[in-house]
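First the structure, in the form of C-alpha cells, and then the observations on it.
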Amino acid sequence: MDGKEFLMRLSEVPGGSGDERNVGKFLIEHTKNLVDSATVDAIGNVVLFRQGTGQINGPKVMIAAHMDEITLMVQKIDQGGFLRVVQVGGFDPRTLLGQEVVVHGQTGNYVGVIGAKPPHLSTPEERKKTVPLQDLFVDVAMPETMVQACIQVGDRITIRRTCMPLLNERLAGKAMDNRASVTALMVCLQELQGKHTQADVYAVGTVQEEIGSKGAQTAAFAIMPDVAIAVDVCHGETPGVASDLVQEIGGGPVLSFGPNIHPKIFTRLKEIAKQHGIAVQVEVTQGATWTDADPMQIVQAGIATGLISIALRYMHTSVETLSYDDVHQVGKLLARFIESLDHAFVEGLTCYLNN
Amino acid sequence: MTKTWFEQLMHLKSPTGEEKLMASWLKETLKTIADDVFEDVLGNVYAVKNPRREMSEVKETIMLSAHMDEPSFTVIDIDDGGFLRIEGIGDWHAVNLIGARLLFARTQTIGVVGVEPHVELADVAFRHLFVDIAAKNRKDAEQRIAVGDLATVHGAVETMTSDVFVGPVLSNRISCAVLLEVLQKANNQSKMVAVFTVQKQVGSRGARVASYRVNSDLAVVIDVTKAGDTPHAERPSLALGQGPAIKMLDATMVVAPTVRDRLIDCANKAGVTYQREVSPATTSDANALFVSRGGIPTGGVSIVTRQASFFSNMVHVADMKKAVTLLTTLVE
Numbered sequence: 149m150d151g152k153e154f155l156m157r158l159s160e161v162p163g164g165s166g167d168e169r170n171v172g173k174f175l176i177e178h179t180k181n182l183v184d185s186a187t188v189d190a191i192g193n194v195v196l197f198r199q200g201t202g203q204i205n206g207p208k209v210m211i212a213a214h215m216d217e218i219t220l221m222v223q224k225i226d227q228g229g230f231l232r233v234v235q236v237g238g239f240d241p242r243t244l245l246g247q248e249v250v251v252h253g254q255t256g257n258y259v260g261v262i263g264a265k266p267p268h269l270s271t272p273e274e275r276k277k278t279v280p281l282q283d284l285f286v287d288v289a290m291p292e293t294m295v296q297a298c299i300q301v302g303d304r305i306t307i308r309r310t311c312m313p314l315l316n317e318r319l320a321g322k323a324m325d326n327r328a329s330v331t332a333l334m335v336c337l338q339e340l341q342g343k344h345t346q347a348d349v350y351a352v353g354t355v356q357e358e359i360g361s362k363g364a365q366t367a368a369f370a371i372m373p374d375v376a377i378a379v380d381v382c383h384g385e386t387p388g389v390a391s392d393l394v395q396e397i398g399g400g401p402v403l404s405f406g407p408n409i410h411p412k413i414f415t416r417l418k419e420i421a422k423q424h425g426i427a428v429q430v431e432v433t434q435g436a437t438w439t440d441a442d443p444m445q446i447v448q449a450g451i452a453t454g455l456i457s458i459a460l461r462y463m464h465t466s467v468e469t470l471s472y473d474d475v476h477q478v479g480k481l482l483a484r485f486i487e488s489l490d491h492a493f494v495e496g497l498t499c500y501l502n503n
Numbered sequence: 471m472t473k474t475w476f477e478q479l480m481h482l483k484s485p486t487g488e489e490k491l492m493a494s495w496l497k498e499t500l501k502t503i504a505d506d507v508f509e510d511v512l513g514n515v516y517a518v519k520n521p522r523r524e525m526s527e528v529k530e531t532i533m534l535s536a537h538m539d540e541p542s543f544t545v546i547d548i549d550d551g552g553f554l555r556i557e558g559i560g561d562w563h564a565v566n567l568i569g570a571r572l573l574f575a576r577t578q579t580i581g582v583v584g585v586e587p588h589v590e591l592a593d594v595a596f597r598h599l600f601v602d603i604a605a606k607n608r609k610d611a612e613q614r615i616a617v618g619d620l621a622t623v624h625g626a627v628e629t630m631t632s633d634v635f636v637g638p639v640l641s642n643r644i645s646c647a648v649l650l651e652v653l654q655k656a657n658n659q660s661k662m663v664a665v666f667t668v669q670k671q672v673g674s675r676g677a678r679v680a681s682y683r684v685n686s687d688l689a690v691v692i693d694v695t696k697a698g699d700t701p702h703a704e705r706p707s708l709a710l711g712q713g714p715a716i717k718m719l720d721a722t723m724v725v726a727p728t729v730r731d732r733l734i735d736c737a738n739k740a741g742v743t744y745q746r747e748v749s750p751a752t753t754s755d756a757n758a759l760f761v762s763r764g765g766i767p768t769g770g771v772s773i774v775t776r777q778a779s780f781f782s783n784m785v786h787v788a789d790m791k792k793a794v795t796l797l798t799t800l801v802e
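Residue numbers (this note's numbering), protein chains in the order written: chain A, 149 to 503; chain B, 471 to 802.
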C-alpha cells in the first residue's frame with residue numbers, strides 16, 4: 149500500500165491512549181514483510197525489527213512514532229441515556245460540540261453525536277462562552293435502559309471521521325497526530341528495502357504519548373538503542389499565529405534543535421538532508437519538546453536523541469491538516485540517516501559538547 | 471478479618487518521609503504471613519508469598535501495592551512566641567485545616583491549627599496558618615519540636631454503623647489493611663509480592679523503585695477513590711458500599727483493556743459486585759508502577775470513600791472485604 153493511502157486508512161482506525169490494539173494490528177499487517185520481526189510488547193508498543201546487514205553487530209537505532217490519538221471516555225450514563233465524558237489526552241473542548249463519535253462498547257460499537265443546549269435556549273451570557281466539557285454529552289439515540297445494557301462507564305469514545313484529501317497533496321482528518329509519523333516509519337522501512345545498513349533498526353509504534361510519553365520510555369528502556377529519533381507533529385502556519393511559533397506546511401521535515409536534542413544527531417540529519425536534496429526546516433526548542441524524545445533521552449544511562457516533526461494545522465481537532473509530501477520526505481530522511489549510521493558515528497556521540 | 475487488620479492499623483500515623491512506625495509494625499506482623507519480608511533503602515516494605523509448589527511451574531509474578539504514607543505537614547519555622555509555621559506535603563487546601571489538630575510524629579506532640587485574622591477565607595494560604603502547641607515561648611516549643619518535624623492530621627477512627635468507619639485521612643490504612651488480608655488469605659498460584667510503598671504524596675517515589683525491583687508481570691495498585699453519591703456531588707458517580715472500584719482511568723494513567731478485563735473477570739468469578747472507576751482527579755501509584763523498566767502492565771482496585779473533608783473519610787467494610795475477595799481471586 150502506498151504511503152498516502154496507508155495514512156488515510158490508518159488515521160481512521162480508532163486507537164486512544166491505553167488501547168492502541170487496532171492501530172498496532174494495522175501497522176504490523178502492512179509492515180511485516182518489510183522487517184525481520186514484528187512484535188507487541190507487554191504494554192502494547194509495536195516493535196518492528198530490521199537486522200543490520202554488516203559483518204558485525206551494527207549500532208542500534210530506534211525510530212519512534214506514537215500510535216495513540218486523543219479520545220474521550222464514558223464517565224457516567226446520565227438520565228435519558230446521555231453519556232457524560234472525560235477526555236483522555238487534550239482535546240480542545242471548543243471543537244467537540246457537533247462532532248460525530250463512535251462509542252466502543254464491550255460487545256459492539258455505537259455511533260453518536262456530541263450535543264449541548266441550543267443557542268435559542270441559552271442565556272446571552274452562555275452564548276458568549278464555549279460549552280465546557282462537563283456540560284457536553286454524547287447522544288447515542290437509544291433509550292436509557294438500552295444504553296445501560298450496551299454501554300458502560302470506562303468505554304472509549306473516538307471521533308468518527310473519514311480522512312479527506314484536499315488540493316496540493318494535503319489531507320485533513322482526525323489522528324493525523326500522530327499517524328502521519330507512523331506512516332513516515334512505514335515509508336522509511338519501504339525505502340530501506342534491499343538496502344544495506346550497518347544499523348539494526350527498531351521502528352516502534354509507541355503507546356500513550358498523549359498522556360505522558362509512557363510507551364516510548366519503556367520501549368527505549370527495553371531496546372536501549374545507541375540512537376533514538378522521535379517522529380511527531382508540530383504546528384503548521386495558521387492565520388493569527390506568529391510565524392516564529394509555526395513551520396511551513398509542505399516545507400519538508402522539521403528538525404528540532406535545543407538542549408533536549410543531541411547536537412550531533414541534529415547536524416547529521418541536516419547534512420544527510422542536504423546530500424539528498426531534501427528540504428528541511430529547523431525548530432528551536434528551549435526545553436521540553438513534549439514528544440517521545442523527552443523521556444527517551446534520559447532512559448537508563450541516557451540515549452542520544454533527535455526529533456523530526458511534520459508540520460500540521462488545527463492540532464487536537466478532527467480536521468488536522470498536513471501535506472503528505474512532508475510525511476513522505478520524513479520517511480526518506482529517516483532511511484537515508486539510518487543508512488549513514490556506523491560505529492564511528494555512534495562512538496563520536498559520547499563527546500556531546502565537542503561539536 | 472479486614473476489620474481486625476484495619477483496627478490494628480488505624481492508629482499508626484505515617485507521614486510521608488517518616489513511615490517508620492507503620493513500616494516497623496508491618497515488618498513484624500508480616501513475618502507470620504509471608505515467606506520473605508524485607509525493606510529497601512527508601513523504606514518500602516516487601517512481603518513475598520510463594521505458591522505452595524515448585525517455583526519453576528509458576529508462570530507469573532503479581533505485585534500488589536498499597537502506600538503507607540499519608541498527606542502530612544512539615545515544620546518550617548518556630549517563632550518567639552512558640553508558634554509553629556508549617557507547609558503541606560501532598561494535596562492540601564490550607565483553608566480546610568483551620569481548627570484541625572495535628573500530631574507530630576517524632577515526639578507525639580499535639581498542636582492546633584489557627585489562622586491569622588484579617589484574611590478572607592478564600593485567600594487563606596499556608597503562610598497564614600500557625601500551629602499552637604501550648605508552648606510558653608520559642609525555647610519551650612523547641613523542647614518538643616524542631617524545624618523539619620513531620621505531622622499528620624490527628625483524630626480518632628470511629629464506628630458510625632456496624633459497616634461504616636470514619637476517620638481522618640484513611641487512604642493509606644485502608645489500602646494497607648486490604649493488602650494485609652489478601653496476603654494472609656490467598657492460596658496463591660502465582661508468586662505474589664506485596665509492597666507497602668513510601669512517599670506517594672511526593673510523586674510516588676517508593677512505588678517507582680519498588681516496581682523496578684519486583685519487575686512483575688502484572689502490578690495492581692490498591693488505593694482509595696472519591697465517592698460521588700452525596701447531594702449535588704460532581705462526577706464520577708461511585709457509591710459507598712457498592713463494591714470495590716476497578717480502575718479504568720485516574721489522574722496518572724489509563725488502564726489497558728486487557729488488565730482491567732482481567733480484574734473484571736476475577737470480580738465476576740468471585741461473585742463480587744464492583745464499580746468502574748473513571749476518576750480524572752484521583753491520584754495513585756499506578757503510573758509509577760507502569761512506566762518501570764520495559765513497561766509493567768498495571769491496573770488498580772480502589773476503595774470508594776466519602777471525603778467530606780480530610781478529617782472525616784468514611785469507608786464501608788463491605789467494600790474492603792469485596793476488594794480482598796477480588797484480589798485473592800486474582801492471585802489464585
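Cβ atoms here follow ideal geometry from the backbone N, Cα and C, with glycine treated the same way. Quick caveat: nothing in here was measured; it's all calculated off a predicted structure.
- In the structure shown, proline 313/A falls within a strand segment according to DSSP collapsed to helix, strand and coil.
- Buried is the label assigned to serine 404/A, since at least 16 other Cβ atoms lie within 10 Å of its Cβ.
- A Cβ-Cβ separation of about 13 angstroms leaves leucine 719/B out of contact with valine 691/B under the 8 angstroms criterion.
- DSSP, read as helix, strand or coil, puts glycine 363/A in helix.
- When CB distances to chain B are screened at a threshold of 8 angstroms, the residues of the region 211–225 of chain A falling below it are Met221, Val222, Gln223, Lys224, in chain order.
- Selection Asp510/B, Asp610/B, Gly625/B, Gln659/B evaluated against methionine 525/B yields Gln659/B as nearest (Cα-Cα).
- Here asparagine 783/B is bridged, per DSSP, to Gly637/B, Gln777/B.
- Just measuring C-alpha positions, the residue of Asp283/A, Pro272/A, Asp216/A sitting nearest proline 241/A is Asp283/A.
- For leucine 572/B, no chain A residue has a C-beta closer than 8 angstroms to its own C-beta; the minimum C-beta separation is roughly 34 angstroms.
- Secondary structure at aspartate 440/A: coil, using DSSP grouped into helix, strand and coil.
- Closer than 9 angstroms to the CB of valine 279/A there is not a single CB belonging to chain B.
- Between glutamine 434/A and lysine 670/B, the alpha-carbon positions lie close to 31 angstroms from each other.
- Annotation: Cβ neighbours of phenylalanine 369/A in chain B (cutoff 7 angstroms, chain order): Arg763, Gly764.
- Pairing methionine 210/A with glutamine 338/A, the inter-Cα distance amounts to about 16 angstroms.
- Cβ contact annotation for glutamate 385/A (same chain, cutoff 8 angstroms, sequence separation greater than five): Ser391, Val394, Gln395, Glu396, Ile397, Ala459, Arg461, in chain order.
- Here histidine 383/A is bridged, per DSSP, to Leu460/A.
- Among the bridge pairs identified by DSSP, arginine 571/B is matched with Val582/B.
- Within the model, the alpha-carbon separation for isoleucine 451/A versus valine 375/A is close to 6 angstroms.
- Around glycine 618/B, the same chain offers Thr544, Val545 as residues with beta carbons nearer than 7 angstroms, after the five sequence neighbours per side are excluded.
- Runs of the alpha helix (DSSP H) lying entirely within the region 487–561 of chain B, each at least 4 residues long, are 490–500 in chain order.
- The criterion of a C-beta distance shorter than 9 angstroms is not satisfied by lysine 362/A and valine 352/A.
- Alanine 703/B is outside the set of residues whose beta carbon lies under 9 angstroms from a beta carbon in chain A.
- One finds Lys224 in chain A with Cβ atoms closer than 7 angstroms to the Cβ of serine 707/B, taken in chain order.
- Of all residues in the region 670–700 of chain B, the ones placed with a Cβ closer than 8 angstroms to any Cβ belonging to chain A are Asp687, in chain order.
- DSSP lists Ala536/B, Val771/B as the beta-bridge partner residues of isoleucine 692/B.
- For asparagine 193/A, the nearest CB of chain B lies under 9 angstroms from its own CB, placing it at the interface with that chain.
- Counting only runs of 3 or more residues that sit fully inside the region 726–751 of chain B, the beta strand (DSSP E) segments are 745–749, in chain order.
- DSSP places serine 488/A inside the alpha helix (DSSP H), whose first and last residues are 472–488.
- Secondary structure within the region 242–290 of chain A: the beta strand (DSSP E) runs of 3 or more consecutive residues, fully enclosed, are 248–252, 257–263, 285–287 (chain order).
- As computed with DSSP, methionine 210/A is found in a beta bridge with Tyr350/A, Ala376/A.
- The three-state secondary structure of threonine 795/B, taken from DSSP, is helix.
- Fewer than three beta-carbon pairs drawn from the region 241–255 of chain A and the region 169–189 of chain A are found closer than 8 angstroms, and the two stretches are therefore not classed as touching.
- For the pair leucine 688/B and histidine 588/B, the Cα-to-Cα distance works out to about 53 angstroms.
- Chain order gives the chain B residues near glutamine 300/A as Arg746, where near means a beta carbon separation below 7 angstroms.
- Per the DSSP secondary-structure output, methionine 221/A pairs in a beta bridge with Val234/A, Arg304/A.
- Among the residues of the region 551–567 of chain B, none has a Cβ less than 9 angstroms away from any Cβ of chain A.
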